[in-house]
Every structure is written in structure tokens, then in C-alpha cells.
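Engineer:
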Ligand SMILES: Nc1ncnc2c1ncn2[C@@H]1O[C@H](COP(=O)(O)OP(=O)(O)OP(=O)(O)O)[C@@H](O)[C@H]1O
Ligand SMILES: [Mg+2]
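Residue numbers (this note's numbering): 59 to 628.
1. Who are the Cβ neighbours of residue 184 in its own chain at under 6 angstroms, not counting the five residues just before and after it?
2. Taking only the alpha-carbon atoms, compute the straight-line gap between residue 598 and residue 286 and give it to the nearest angstrom.
3. Excluding the 5 residues preceding and the 5 following residue 255 in the sequence, name in chain order all residues of the same chain whose CB lies nearer than 7 angstroms to its CB.
4. Go ahead and label residue 538 buried or exposed: buried means 16 or more other beta carbons lie within 10 angstroms of its beta carbon, across all protein chains shown.
5. Pull up the distance between the alpha-carbon of residue 64 and that of residue 178, whole angstroms please.
6. Report all residues from its chain with a CB closer than 7 angstroms to the CB of residue 615; omit the five preceding and five following residues, and keep chain order.
7. With distance defined between alpha-carbon atoms, name the residue in 170, 288 and 463 nearest to residue 693.
8. Here's a check: name, in chain order, each residue in its chain whose Cβ is nearer than 6 angstroms to the Cβ of residue 360, leaving out the five neighbours to either side.
9. Confirm the yes/no value for this check: CB of residue 556, any heavy atom of ligand 4, distance under 8 angstroms.
10. Out of 152, 436, 352 and 220, which one is the CA nearest neighbour of residue 238?
11. Rounded to whole angstroms, how far is the Cβ of residue 532 from the Cβ of residue 553, which I believe are closer than 8 angstroms?
12. Rounded C-beta distance between residue 432 and residue 422? I'm assuming under 8 angstroms.
13. Starting from the N-terminal side, write out each stretch of the alpha helix (DSSP H) that is 4 residues or longer and does not extend beyond the stretch 371-457.
14. Whole angstroms are fine: how far does the CA of residue 93 sit from the CA of residue 222?
15. Is any non-hydrogen atom of ligand 2 found closer than 8 angstroms to the C-beta of residue 535, if you look at the structure I gave you?
16. Buried or exposed, going by whether 16 or more other CB atoms sit within 10 Å of the CB of residue 457?
17. With DSSP as the reference, identify every bridge partner of residue 467, one or two as the case may be.
18. Is the beta carbon of residue 394 sitting closer than 9 angstroms to the one on residue 445?
19. Between the Cα of residue 600 and those of 541, 409, 450 and 225, spot the shortest distance and give me the residue it belongs to.
20. Using DSSP with H/G/I as helix, E/B as strand and the rest coil, what is residue 494?
21. Taking Cβ to Cβ, would you say residue 572 is nearer than 9 angstroms to residue 506?
22. Where does residue 605 sit, in a helix, a strand or coil, going by DSSP?
23. Going by beta-carbon coordinates alone, are residue 567 and residue 536 separated by less than 9 angstroms?
24. To test your reading of the DSSP string, which unbroken alpha helix (DSSP H) runs of 4 or more residues are found completely within the stretch 184-263?
25. Rounded to the nearest angstrom, what separates residue 233 and residue 476 at their Cα positions?
26. If I measure Cβ to Cβ from residue 467 and keep anything under 6 angstroms in the same chain, skipping five residues before and after, which residues do I get?
27. Less than 9 angstroms separating the beta-carbons of residue 588 and residue 565?
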């Protein structure tokens with residue numbers, strides 16, 4: 059049953075169980091106090107009728123009301139605090155899980171969709187646990203308590219109420235069922251809406267350059283309309299249910315009042331008792347409507363829970379088994395018959411090579427041949443399907459992913475930049491206390507980013523904008539190279555690391571890079587012929603297959619395919 063699973067996900071420690079118990083106990087007090095209220099009123103009215111009002115009973119009524127309000131206030135605060143704790147832990151736990159998921163998980167979802175689920179779905183679940191469930195529990199107690207008490211007051215009137223109440227429920231419940239799927243659709247549309255707007259704003263220049271504003275408006279209006287329609291449907295159902303419920307309740311009340319008045323005339327019922335009955339009838343209405351709205355809320359939370367568990371379980375099933383093998387790279391790399399597939403399609407096909415410590419291997423091949431994928435498998439971003447990759451003789455699946463990545467410096471083709479300053483980007487993922495301003499400055503010298511502005515501090519504190527949109531393409535690439543310099547890794551992976559630079563800065567930076575890579579194991583991808591020297595060791599891949607391997611000079615002499623490829627490249 060999903061309520062149990064939702065509880066297991068949210069109420070996951072003793073403290074939260076205590077909170078929930080406290081909320082239910084306090085609500086119980088409140089419910090019992092509310093149930094006692096009509097009896098007090100009845101006594102006062104009966105005393106008034108007999109002209110023998112007792113001041114004690116009036117004082118106790120006032121004290122009673124103050125106590126009831128106090129309990130209400132305390133309970134409300136605890137409920138809200140509990141709700142905030144639930145949502146805080148839920149968001150933190152789910153985020154902590156998601157961020158550790160393997161890279162392919164993020165290929166399956168849009169980032170905006172994940173963020174929206176993290177914010178909205180958790181909110182809906184919190185509402186169910188902290189608000190609706192305690193309300194329903196109390197509602198049920200209130201109904202049972204009220205029925206027992208009215209039965210003690212007058213069983214004939216009780217029978218009238220017992221006949222009316224199930225009738226009202228019988229009419230409302232089937233109507234509430236119509237709202238079963240609306241919650242799930244609402245959450246789905248909200249997440250699509252958020253992810254689409256996020257994507258559009260992020261790529262705003264592309265949108266404008268392609269004059270795609272109208273197309274974007276149409277796509278968004280589809281989501282907005284879907285959301286509007288489902289909300290409207292909910293409003294229609296609710297607009298039907300609410301007045302109907304009120305109508306039925308008033309009708310029921312009229313029956314009670316009518317029958318009660320008849321009994322008073324007969325002299326078989328006291329006025330105080332009838333008034334107590336009427337108050338009880340009102341008290342029965344609130345829990346009845348909260349139980350019916352609970353059904354809608356439950357379906358909503360259930361939809362949110364299903365999407366969240368899908369996110370949680372999907373990656374859990376595929377989690378890689380790895381030994382926590384902490385490790386300092388020495389960097390003899392070996393690919394042994396490596397095959398890697400994306401959705402059943404072979405992207406790398408039986409790749410084998412060895413790269414000794416301190417040497418550089420350059421990977422060349424047409425676009426889409428699998429070069430970047432090859433580097434990705436070494437970083438363990440994606441699992442290989444067949445074969446093995448070893449570093450210093452150890453299978454990389456056995457090495458702890460964290461310690462492996464700490465030893466690798468990657469300058470990737472897509473040039474990632476985080477929002478913030480140049481300094482934020484330089485220090486990203488590194489231990490700040492270990493890196494001096496002087497070292498940072500050196501890294502900027504290394505990648506020739508020092509020419510950006512004159513003053514050193516101004517340079518480091520320069521804001522780069524979201525995704526680095528305040529920097530030029532070349533500057534972004536230089537920033538990534540500076541980061542590589544600071545990381546000082548033993549294994550270097552360069553994926554077209556200088557592709558955005560002009561020839562002048564390219565040749566200068568290549569000099570710095572060759573100094574950096576001189577004694578480090580390096581895997582390099584390039585489309586730049588100028589970078590290749592005579593004795594450069596080349597691995598040529600096409601359609602995921604390794605076609606040949608050899609020195610640049612040798613291949614140029616003897617290999618027709620290579621000659622043709624280089625000719626087109628230059
Ligand atoms: N996450 C992914 N999911 C599915 N297919 C992918 C994924 N990443 C890459 N591919 C596919 O794998 C193939 C190899 O891609 P890869 O990025 O390795 O090419 P590449 O050799 O680096 O090309 P380029 O020179 O253009 O950078 C391509 O056909 C690409 O469409
Ligand atoms: Mg690539």
C-alpha cells in the first residue's frame with residue numbers, strides 16, 4: 059500500500075515518529091475539547107431556561123475556550139515545523155542520491171524536470187503527511203466521538219443523523235473519484251513547463267537567432283493550456299461537489315431542526331439538547347468534507363510519490379558494484395577489447411590499446427566515431443558492455459570512482475562553466491585552502507587568461523555569467539585549461555581542448571600544454587593538424603572501431619585512409 063511506502067520514505071527516524079505522534083495526540087485533545095463544547099453549551103442553556111445560571115460553569119467555559127485555542131496554536135506550530143523538517147530531509151536525501159547517480163541517468167531526464175520534481179513533488183507529499191493524514195485521523199475520531207455523544211443525548215435524533223450522513227457520503231465519494239488522476243497530470247505538466255522554460259531561457263540566443271520565439275510560445279502554450287484544462291476540470295468537479303455537499307448538509311440540518319422542533323413542542327426534548335445537536339451536526343460536517351478532500355489529496359501525493367520513486371529506483375537498480383579502492387594513479391592504461399553500447403547500438407567496438415605512463419596518445423577520427431565516448435568510459439561516466447579497462451593493472455570498476463576522478467584532469471569538448479566568478483570556476487571541486495592566489499594567477503598565465511583584465515584581483519573576481527555567457531568561447535576554453543593546471547592530475551584527457559582558440563594563442567597554449575603533459579599520461583583528441591608532430595602516436599577510430607595505430611609521420615607515409623583524412627582536416 060502506498061501510504062505505508064510514503065510513510066517509510068518520509069518518517070524515517072525516531073524523531074519524526076515522535077513528532078507525528080505528538081501532532082496526533084494534540085489534535086486528539088483538540089478534538090475531544092471540541093466534542094465537549096456542545097455539552098457545556100447545553101448545560102448553560104438548560105440552566106438559563108431554569109433561571110439558575112451557575113458562574114462556575116461560565117468561567118469553565120471561558121477557560122475551556124482559552125485552553126482549546128492554546129492547544130490549537132501549539133499544534134499548528136508543531137505541524138508546520140514538522141512539515142518543514144519533512145520537506146528539508148526529503149529534498150536533501152533525494153538530492154544527495156541523485157547527484158551520485160551515474161551520468162546516463164541524467165541523459166534520461168531534463169534537468170528542469172528533476173528540479174521541479176524535487177521542489178513540487180516533495181511539497182505535495184509533505185502536505186499529505188503533515189496536514190491531510192492527521193486531519194483525517196482526527197476527523198474519524200471526531201465523527202465516532204460525536205456519534206457516541208449524540209447517541210447518549212438522544213438516540214432518536216441520532217438515528218436521523220445516521221440515516222442522513224451515509225447518504226451524503228454515498229453521493230460525494232463517487233464524484234471525488236473523478237479527481238483521481240488530476241494530481242498526477244498537474245505535477246507532470248508543471249515539471250514539463252518548468253523544464254521547457256528553463257531550456258528556452260538558457261538557449262535564448264539560439265531561440266532569437268532562429269527567430270523561434272513564436273514556435274516556443276506555441277510549445278509553452280500547449281503546456282500552459284494542459285495545466286489550465288486540468289485545473290479547470292478540477293474546479294468544475296469541485297464547483298459541483300462543494301455546493302452539493304453544502305446543500306445536502308443544510309437539508310440534513312433542516313431535517314434535524316424540524317424534527318427537533320417537533321420534539322420540543324411535544325415536550326420530549328430540551329432546547330439545550332437540540333442546540334448541542336445542531337453544534338454536533340456542524341462538527342460532523344468539517345471532518346466529512348476533510349475526508350472527502352483527503353481522497354483527492356491522496357491521489358495527488360500518490361502521483362508525486364510514484365514519480366519520485368521512479369527517479370529513486372531507476373538508478374538504484376543500475377548502481378555499479380565497486381570496491382572502495384582508494385588509489386593513487388601511476389597511469390599505465392590498457393583498453394582490452396572494449397565494447398560500449400548506447401541503447402543497443404555499438405559506439406565503441408572491440409577497442410584495444412596500451413598507453414604507458416608519461417606517454418601521450420592522440421585519438422583521431424571522424425565526427426561521431428566515438429572519441430569522446432572513449433574518454434567518457436575512462437572517467438566511468440558510462441559503463442562498458444564488454445572487455446575491460448585497466449589502470450596500472452587494476453580494473454577501473456574496482457577503483458573507487460571518486461579516487462579515480464581525482465587523479466584525472468579532463469578538458470571536455472562541451473566547455474562547462476559554472477555561474478560565479480573566474481575564481482569560483484578555478485577552484486571548483488578543489489580544496490580552496492590548498493590553492494593560493496599566486497597559484498591561481500599562475501594557472502591564468504598558463505592558459506593566457508591573464509590578459510583578460512589588468513588587475514589580478516579584478517581578473518579573479520570577474521563574473522562569468524550563467525554557463526560563462528559573459529566570456530568568449532576561447533576564454534571559456536582557457537578557463538577550463540587553467541582549471542586543469544590547478545588540478546595537477548596524473549592522467550590528462552584533452553578533448554579538442556584548444557578548438558576555440560585563434561592560431562596565435564593556440565600555438566602558445568599548446569606549448570604550455572606540452573610542458574604540462576610532458577611527464578604525464580595523456581589521451582588527447584584533436585582535429586587540428588598543426589598539433590601533430592612526426593612522432594605523435596596516433597589511434598584512428600571510425601564507427602567505434604579502431605582502424606589503425608602508429609606514429610603520425612609513419613601513417614602519413616604508408617596509410618592511404620589516414621593521408622586522405624589528414625588532407626581534408628588541414
Ligand atoms: N549520451 C548518449 N546517448 C546516446 N548516444 C550517444 C550519447 N553520447 C554520444 N552518443 C552517440 O555516440 C556516438 C559517438 O559520440 P562521440 O561523442 O563519442 O563522438 P566523437 O567521436 O567524440 O565526435 P566529435 O568529433 O563530433 O566530438 C555518436 O553517434 C553519438 O550520437
Ligand atoms: Mg567528441
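Yeah, the Cβ is synthetic: ideal placement off N, Cα and C, and Gly gets one too.
Structural biologist: According to the data block:
1. 141, 144 and 145
2. 54 angstroms
3. 278
4. buried
5. 15 angstroms
6. none
7. The requested residue 693 does not occur in the structure, where the chain is confined to residues 59 to 628.
8. 60
9. The ligand content of the structure shown is limited to ligand 1 and ligand 2, which means ligand 4 is not among them.
10. 352
11. With a Cβ gap of about 16 angstroms, residue 532 and residue 553 do not count as contacting.
12. That pair is no contact at about 12 angstroms.
13. 429-436
14. 20 angstroms
15. no
16. buried
17. 550
18. yes
19. 409
20. coil
21. no
22. strand
23. yes
24. 191-211, 213-234 and 240-260
25. 50 angstroms
26. 542, 545, 547 and 550
27. yes
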